[in-house]
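*Asks:* Residue numbers (my numbering), protein chains in the order written: chain S, 16 to 142; chain G, 17 to 352.
Positions of the beta carbon are idealized from the N, C-alpha and C atoms, including for glycine.
Below: one structure in structure tokens.
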């Protein structure tokens, strides 16, 4: 049984990886929870349709912030096609924590930013 | 026209040092140095004489009890009014200094203009941050004036101070005080309304558009929705800025405090218990924040007035912020 807040979750919350912004990102998407106020912006640089850099910024709870930090590591090097089918369970399992149903939306908020950001990117006319 | 400035009061006074009245050569009047009545009438007469001679003058008014009652004092008070003729068609040093004051205010800074009352052409301007221009006559006098000016700048007050044998009037100017509230909570609502009534510019920041609405904050000057700590980085913080965090949520409190505390506004208050405050401070300290900065944080925010409702909590927060700005200890006035 995983712990409520695993060491990896707490470590990513206290020491977030890839926190910040990118100059001229190819993908940028901001998501928020209208009730609790979690707010995350995910930015990606793409080369040949693969992620070469990922950053996130936001004020969010420990679960959401750790999930965003982990996500920026998981997606590095992956193609847009691969990421379109990245399952929720991949991110949830990376947190190694007992995420209760009421907190799933916290953990998945960064993933929503990824999916919506990529969907917008795919629909934009390319030069 | 003549510019009359209330430069000193002894006893109680309906207006504070710095109050101004302009008297035009054609009889036009703008502003007042008291609440009206015989004192203002005498200032108008003295201003007209100062205009005729084009000489500055210090008018000392000793008020008896009858005069005092008549003009609204509750007891006898004395006041000094400094009257300077100003030729608006001539661009001289005074205009340059006031332009510099305006520029400082536009940049969110305070400024103190010191004037020797014996000779009003001797002026020294000190701008928040250390920039100076002009002189009171000697380097010694300028150094002494700078010490006084910094204290008055912090308090946001004007006063006449005797430096050696020179009476010097220190006139403090600053931007309108601003209240920045992080968290569009139910406490934030009366906090903003009360601050608005007190003449403060108000800004509310939240990540939730459902909470940061004009309906909930009809009096607010700016509603900003986004990542709160990112918005915090874009705002200016001066010695006239009060910051209160009312979200009662670490996800906003921690990142916003990391931005706000090093910016050293006049006041930073955090809603929450002492226990919660200790935990927040410990987290920030573990992240590398200096204890000296953490000590600037007022948590729990507000004065101990037994506040229960959101409106009472708002009152206690603003009372503490005003007391701090004025350098007062917020005791009962009857005991002060």
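Rounded to whole angstroms, what is the Cα-Cα separation between residue 74 of chain G and residue 101 of chain G?
*Replies:* Looking up residue 74 of chain G in the second chain gives position 58. Looking up residue 101 of chain G in the second chain gives position 85. Each residue's alpha carbon lies about 12 Å from the other.
*Asks:* Using beta-carbon positions only, say whether residue 184 of chain G and residue 132 of chain G come within less than 9 Å of one another.
*Replies:* Position 168 of the second chain, counted from the first residue, corresponds to residue 184 of chain G. Position 116 of the second chain, counted from the first residue, corresponds to residue 132 of chain G. Yes.
*Asks:* Suppose contacts are defined by Cβ-Cβ distances below 9 Å. Is residue 233 of chain G in contact with residue 263 of chain G by that definition?
*Replies:* Start at 1 with the first residue of the second chain, and residue 233 of chain G comes out as number 217. Start at 1 with the first residue of the second chain, and residue 263 of chain G comes out as number 247. Cβ distance not < 9 Å, so residue 233 of chain G and residue 263 of chain G don't count as in contact.
*Asks:* Can you find a CB in chain G that lies within less than 9 Å of the CB of residue 44 of chain S?
*Replies:* Numbered from its first residue, the first chain carries residue 44 of chain S at position 29. So no, residue 44 of chain S is outside the interface.
*Asks:* Taking Cβ to Cβ, would you say residue 60 of chain S is nearer than 9 Å to residue 34 of chain S?
*Replies:* By one-based count along the first chain, residue 60 of chain S stands at place 45. By one-based count along the first chain, residue 34 of chain S stands at place 19. Their beta carbons are not under 9 Å apart, which means residue 60 of chain S does not touch residue 34 of chain S by this criterion.
*Asks:* What residues in the segment 220-235 of chain G have a beta carbon less than 9 Å from any beta carbon of chain S?
*Replies:* Those would be 222, 223, 224, 225, 226 and 227, in chain order.
*Asks:* From which residue to which residue does the alpha helix (DSSP H) around residue 271 of chain G run?
*Replies:* Looking up residue 271 of chain G in the second chain gives position 255. Segment 266-276, the alpha helix (DSSP H) holding residue 271 of chain G.
*Asks:* Distance, Cα to Cα, residue 192 of chain G vs residue 32 of chain G?
*Replies:* Along the second chain, read from residue 1 onward, the residue named residue 192 of chain G stands at position 176. Along the second chain, read from residue 1 onward, the residue named residue 32 of chain G stands at position 16. C-alpha separation (whole angstroms): 17 Å.
*Asks:* Please confirm if residue 298 of chain G has its CB atom under 9 Å from at least one CB of chain S.
*Replies:* If you number the second chain from 1, residue 298 of chain G lands on position 282. Judged by the 9 Å Cβ criterion, residue 298 of chain G is not in contact with chain S.
*Asks:* Note down the Cα distance separating residue 142 of chain G from residue 113 of chain S, rounded to an integer number of angstroms.
*Replies:* As a position in the second chain, residue 142 of chain G is number 126, starting the count at 1. As a position in the first chain, residue 113 of chain S is number 98, starting the count at 1. About 60 Å.
*Asks:* I think residue 223 of chain G touches residue 28 of chain S, with their Cβ atoms under 8 Å apart; what is that distance to the nearest whole Å?
*Replies:* Translated into positions along the second chain, residue 223 of chain G becomes position 207. Translated into positions along the first chain, residue 28 of chain S becomes position 13. In fact, because the Cβ distance is near 17 Å, the residues do not count as touching under 8 Å.
*Asks:* Give me the chain G residues within the contact set of residue 75 of chain S, using Cβ-Cβ distance strictly less than 7 Å, ordered along the chain.
*Replies:* As a working mapping, residue 75 of chain S is identified with position 60 in the first chain. Within chain G, the residues near residue 75 of chain S are 267.
*Asks:* Are the CB atoms of residue 64 of chain S and residue 94 of chain S within a distance shorter than 9 Å?
*Replies:* As a working note, residue 94 of chain S is residue 79 in the first chain. As a working note, residue 64 of chain S is residue 49 in the first chain. Yes, they are a contact pair.
*Asks:* Assuming residue 86 of chain S and residue 125 of chain S are in contact, meaning their beta carbons sit under 8 Å apart, how far apart are those beta carbons, in whole angstroms?
*Replies:* Here residue 86 of chain S corresponds to residue number 71 of the first chain, with the count starting at 1. Here residue 125 of chain S corresponds to residue number 110 of the first chain, with the count starting at 1. Right, the Cβ-Cβ distance comes to about 5 Å (below 8 Å), so this counts as a contact.
*Asks:* Name the DSSP beta bridge partners of residue 148 of chain G, please?
*Replies:* Taking the first residue of the second chain as 1, we reach residue 148 of chain G at position 132. In DSSP, residue 148 of chain G forms a bridge with G:142.
*Asks:* Using three-state DSSP, classify residue 324 of chain G as helix, strand or coil.
*Replies:* Stepping through the second chain from its first residue, residue 324 of chain G is reached at position 308. Looking at residue 324 of chain G - three-state DSSP - the assignment turns out to be coil, as it is neither helix nor strand.
*Asks:* Using the C-alpha atoms, what's the distance from residue 105 of chain G back to residue 344 of chain G?
*Replies:* Within the second chain, residue 344 of chain G is the residue found at index 328, counting from 1. Within the second chain, residue 105 of chain G is the residue found at index 89, counting from 1. Spanning the two alpha carbons is a distance of roughly 43 Å.
*Asks:* For residue 189 of chain G, count neighbouring C-beta atoms within 10 Å of its own C-beta (all shown protein chains included) and say buried if the count is 16 or more, exposed if not.
*Replies:* On the second chain, position 173 is the one that residue 189 of chain G refers to. Counting Cβ neighbours within 10 Å, residue 189 of chain G comes out buried, since at least 16 surround it.
*Asks:* Interface residues of chain S around residue 196 of chain G at Cβ under 7 Å?
*Replies:* Numbered from its first residue, the second chain carries residue 196 of chain G at position 180. Per Cβ cutoff of 7 Å: no residues; residue 196 of chain G is ~15 Å from chain S at best.
*Asks:* Mind checking who residue 22 of chain G pairs with in its DSSP beta bridge?
*Replies:* As a working mapping, residue 22 of chain G is identified with position 6 in the second chain. BP columns for residue 22 of chain G point to G:97.
*Asks:* Following the continuous beta strand (DSSP E) through residue 130 of chain G, name the residue where it begins and the one where it ends.
*Replies:* Position 114 of the second chain, counted from the first residue, corresponds to residue 130 of chain G. Where residue 130 of chain G is concerned, the enclosing beta strand (DSSP E) stretches over 127-132.
*Asks:* How about residue 23 of chain S and residue 131 of chain S: do their beta carbons lie closer than 9 Å?
*Replies:* As a first step, residue 23 of chain S is located in the first chain; it is residue number 8 there, counting from the start. As a first step, residue 131 of chain S is located in the first chain; it is residue number 116 there, counting from the start. No; because the gap between Cβ atoms is not below 9 Å, this pair is not in contact.
*Asks:* Given a threshold of 16 other Cβ atoms within 10 Å of its Cβ, counted over all protein chains shown, does residue 186 of chain G qualify as buried or as exposed?
*Replies:* Mapped onto the second chain, residue 186 of chain G falls at position 170. By the 10 Å Cβ count, residue 186 of chain G comes out buried.
*Asks:* Among residues of its own chain, excluding the 5 on either side of residue 77 of chain G, which ones have a beta-carbon nearer than 8 Å to its beta-carbon?
*Replies:* The residue you call residue 77 of chain G lines up with position 61 of the second chain. Within the same chain, residue 77 of chain G has close Cβ partners 55, 58, 94, 95, 96 and 97.
*Asks:* Among G:129, G:199, G:267 and G:333, which residue has its Cα nearest to the Cα of residue 23 of chain G?
*Replies:* Working through the second chain from its first residue, we reach residue 23 of chain G at position 7. Answer by Cα proximity: G:129.
*Asks:* In chain S, which residues lie less than 7 Å from residue 246 of chain G when you measure between Cβ atoms?
*Replies:* Counting from 1 along the second chain, the entry for residue 246 of chain G is found at position 230. Here the neighbours are 72.
*Asks:* Would you kindly work out how many angstroms separate the C-alpha atoms of residue 133 of chain S and residue 118 of chain G, rounded to a whole number?
*Replies:* Counted from its first residue, the first chain places residue 133 of chain S at position 118. Counted from its first residue, the second chain places residue 118 of chain G at position 102. C-alpha separation (whole angstroms): 49 Å.
*Asks:* Tell me the rounded alpha-carbon separation between residue 126 of chain G and residue 166 of chain G.
*Replies:* Here residue 126 of chain G refers to the residue found at position 110 when the second chain is read from its first residue. Here residue 166 of chain G refers to the residue found at position 150 when the second chain is read from its first residue. Residue 126 of chain G and residue 166 of chain G: Cα-Cα distance of roughly 10 Å.
*Asks:* Can you name the residues of chain G whose CB is closer than 8 Å to the CB of residue 53 of chain S?
*Replies:* Position 38 of the first chain holds residue 53 of chain S. Under the 8 Å cutoff, chain G gives 223 and 267.
*Asks:* How is residue 55 of chain S classed by DSSP in three states: helix, strand or coil?
*Replies:* Position 40 of the first chain, counted from the start, is the residue given in the question as residue 55 of chain S. Correct three-state label for residue 55 of chain S: strand.
*Asks:* Measuring straight from C-alpha to C-alpha, what distance separates residue 170 of chain G and residue 38 of chain S?
*Replies:* By one-based count along the second chain, residue 170 of chain G stands at place 154. By one-based count along the first chain, residue 38 of chain S stands at place 23. C-alpha separation (whole angstroms): 40 Å.
*Asks:* Beta-carbon within less than 6 Å of residue 45 of chain S's beta-carbon, same chain only, minus the 5 sequence neighbours each way: which residues are those?
*Replies:* By one-based count along the first chain, residue 45 of chain S stands at place 30. So the qualifying residues of the chain are 56.
*Asks:* Please confirm if the segment 327-335 of chain G is in contact with the segment 291-301 of chain G, defined as three or more CB-CB distances below 8 Å between the two stretches.
*Replies:* No: fewer than three Cβ pairs fall under 8 Å.
*Asks:* Quick check: is the beta carbon of residue 48 of chain S nearer than 9 Å to any beta carbon in chain G?
*Replies:* Working through the first chain from its first residue, we reach residue 48 of chain S at position 33. So, interface residue.
*Asks:* In terms of DSSP beta bridges, what is residue 64 of chain S paired with?
*Replies:* One-based indexing of the first chain puts residue 64 of chain S at position 49. Paired residues: none, contrary to the question.
*Asks:* Under 9 Å between the Cβ atoms of residue 128 of chain S and residue 83 of chain S?
*Replies:* Position 113 of the first chain, counted from the start, is the residue given in the question as residue 128 of chain S. Position 68 of the first chain, counted from the start, is the residue given in the question as residue 83 of chain S. Result yes, Cβ atoms of residue 128 of chain S and residue 83 of chain S sit closer than 9 Å.
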